[in-house]
DNA sequence: GATTAAATGCAAATCATTTGCAGAAAGGAT
DNA sequence: ATCCTTTCTGCAAATGATTTGCATTTAATC
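Protein chains in written order, with our numbering: chain A, 6 to 143; chain B, 6 to 143.
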């Protein structure tokens, strides 16, 4: 099944209407496959001059609330959004801004943290900052 | 030695002038000992009506650039700042907003990540989100 | 105390994000 | 297909956080 159809069904499952604006936003996030700022998503939606930035924001917020999208904040990039698919983390190059998805090194750590603190754990987020091999050689 | 004097020396070491405004900001961060928003720091500076919010921002940015302060972004709290002392991470209660400092579970992981990706690692940041024991019982 | 570069006060500007409201569109029922 | 209700969007304006320009003040050095 096409990825886009999977996402349309995710919306229906949550009783969120499948509007052409929502589809346009999800299409951009699917196609780019890296975390994007609201303004970047807006800029990448072509041929839809009536689709407003406020609609992009409203939908991103809705999707975040419904746990379909993850909202992140990277040093140097500000607030970005990505579709929530597998659980992974990010490695960001401080020179060129490249964002790499990496496997989460703390898959089983929440239980330990729960035992230590009594907190009921829901989620965690990790950012690694460094310089990529390409930028290092220049 | 008083903590504040240590911080004055850190400023001098970096050739940053020791102004009363800087001291006021650092005092608040020392006293509260949790990450604070710029506006919160500003609000907690008493008896200094001439000290402006823009000065707080300017100094926080300077201290971040000089790696004396860490700038963070917590779900539900927006941008916050803390003095950079030991390396630690945070556990945030999504109900009451309480922020707990915890030992970093990835002290030795950067080398592995370097070997896997070729990135030169500089820093990492982890946020854990959950519900604290007090909030769970209510 | 005089000198100079850096820092601050102040007000205004900028930028990202949110909001109110009237019209448009989606999904369910007929 | 049409009607109905609720949700969503366009639009413009408001908000809130953060930054900036410029004249004045101040810290550090001599």
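Where a beta carbon is used, it is the ideal one built from N, C-alpha and C, also for glycine.
First and last residue of the uninterrupted alpha helix (DSSP H) at residue i
| i | result |
| --- | --- |
| residue 44 of chain B | 43-49 |
| residue 115 of chain B | 114-122 |
| residue 58 of chain B | 58-70 |
| residue 140 of chain B | 138-141 |
Beta strand (DSSP E) segment containing residue i, residue limits
| i | result |
| --- | --- |
| residue 106 of chain A | 104-108 |
| residue 20 of chain A | Element bounds for residue 20 of chain A: n/a, residue is neither H nor E. |
| residue 98 of chain B | 93-98 |
| residue 77 of chain A | 74-79 |
| residue 111 of chain A | No beta strand (DSSP E) holds residue 111 of chain A; DSSP gives it neither H nor E. |
| residue 90 of chain B | Note, residue 90 of chain B: premise wrong, no beta strand (DSSP E); not H, not E. |
Buried/exposed call for residue i, threshold 16 Cβ in 10 Å
| i | result |
| --- | --- |
| residue 113 of chain A | exposed |
| residue 94 of chain B | buried |
| residue 64 of chain B | buried |
| residue 152 of chain B | Residue 152 of chain B lies beyond the residue range present for chain B, which begins at 6 and ends at 143; the question has no answer from this structure. |
| residue 61 of chain A | buried |
| residue 58 of chain B | exposed |
| residue 11 of chain B | exposed |
| residue 101 of chain B | exposed |
| residue 27 of chain B | buried |
Contact list for residue i against chain B, beta-carbon separation under 7 Å
| i | result |
| --- | --- |
| residue 133 of chain A | 118, 126 and 129 |
| residue 78 of chain A | 78 |
| residue 82 of chain A | Here the premise fails: no neighbours, minimum Cβ distance about 11 Å. |
CB-CB length for residue i against residue j, believed under 8 Å
| i | j | result |
| --- | --- | --- |
| residue 92 of chain A | residue 131 of chain B | About 14 Å; that fails the 8 Å criterion. |
| residue 126 of chain A | residue 119 of chain A | 5 Å |
| residue 16 of chain A | residue 23 of chain A | 5 Å |
| residue 89 of chain A | residue 75 of chain A | 5 Å |
| residue 105 of chain B | residue 84 of chain A | No, residue 105 of chain B and residue 84 of chain A are not in contact; Cβ-Cβ is about 24 Å, not under 8 Å. |
| residue 8 of chain B | residue 71 of chain B | About 18 Å; that fails the 8 Å criterion. |
| residue 86 of chain A | residue 43 of chain A | 7 Å |
| residue 29 of chain A | residue 68 of chain A | Contact flag wrong, Cβ pair sits at about 13 Å. |
| residue 145 of chain A | residue 124 of chain B | Outside the displayed span of chain A (6 to 143) sits residue 145 of chain A, for which this structure offers no information. |
| residue 135 of chain B | residue 77 of chain B | That pair is no contact at about 17 Å. |
Proximal residues of chain B, C-beta to C-beta of residue i below 8 Å
| i | result |
| --- | --- |
| residue 114 of chain A | 110 |
Chain-ordered chain A contacts of residue i [CB-CB under 8 Å]
| i | result |
| --- | --- |
| residue 3 of chain B | The requested residue 3 of chain B is not part of the displayed model; chain B covers only 6 to 143. |
| residue 73 of chain B | The premise fails here: residue 73 of chain B is roughly 16 Å from chain A at the closest Cβ pair, so nothing lies under 8 Å. |
| residue 96 of chain B | 118, 122 and 124 |
Cross-chain neighbours of residue i in chain A, by beta carbon under 7 Å
| i | result |
| --- | --- |
| residue 137 of chain B | 124 |
| residue 99 of chain B | 127 |
| residue 141 of chain B | 125 |
Partner residues on chain B for residue i, Cβ-Cβ distance less than 9 Å
| i | result |
| --- | --- |
| residue 105 of chain A | 122 and 124 |
Cβ-heavy atom distance, residue i to the ligand ATP, below 7 Å
| i | result |
| --- | --- |
| residue 23 of chain B | Within the structure as shown, the ligand ATP is missing, as the structure has no ligands at all. |
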